[in-house]
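Enquirer: Okay, here's the structure, questions in a sec.
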Amino acid sequence: MNLAKISANGQITVPVEIRRLLGLKSGDKILFLQKRDGEIVISNASSKAIRKAQAAFAGAAEDMGVSDEDDVQALVDEMRYGKEM
């Protein structure tokens with residue numbers, strides 16, 4: 001169990017153990033979610049966004065025929081120079 005105090009400005013310091021568990025670092029945003037039973041859950045908004053993006057792009061590499069770093073570089077070159085290298 002961890003306890004945090006709310007300042008006069010409504011700010012809290014997230015305990016170090018919780019920051020480590022959530023992978024939080026300075027500048028990260030915290031997402032507060034209210035469950036149906038009223039319980040409030042916090043999560044790392046940055047990692048949640050990354051997981052959402054990963055899910056959205058799942059299978060895209062296979063669809064584009066990208067299987068290794070050389071394929072990625074070829075796509076970058078094509079975008080950069082407008083032609084296949």
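Quick note on numbering: the working numbering labels position 53 of the sequence shown as 53, and the sequence is numbered without any gaps.
Glycine included, every Cβ here is placed at the ideal spot set by N, Cα and C.
Please read these numbers as outputs of a predicted model, since none were measured by experiment.
#1: Straight-line CA distance for residue 32 to residue 14?
#2: Would residue 77 pass as an interface residue toward chain D - the criterion being a Cβ-Cβ separation below 8 Å?
#3: Would you mind sorting residue 44 into buried or exposed? The rule is 16 or more other CB atoms within 10 Å of its CB.
#4: Identify the continuous alpha helix (DSSP H) that holds residue 72 and give its terminal residues.
#5: Looking at the structure shown, is residue 43 part of a helix, part of a strand, or coil, going by DSSP?
#6: If you draw a straight line from the C-alpha of residue 59 to the C-alpha of residue 68, how long is it?
#7: Can the beta-carbon of residue 42 be found closer than 8 Å to that of residue 30?
Expert: This is what the structure gives:
#1: 13 Å
#2: In summary, chain D is missing from the structure at hand, where a single protein chain is found.
#3: buried
#4: 69-81
#5: strand
#6: 14 Å
#7: yes
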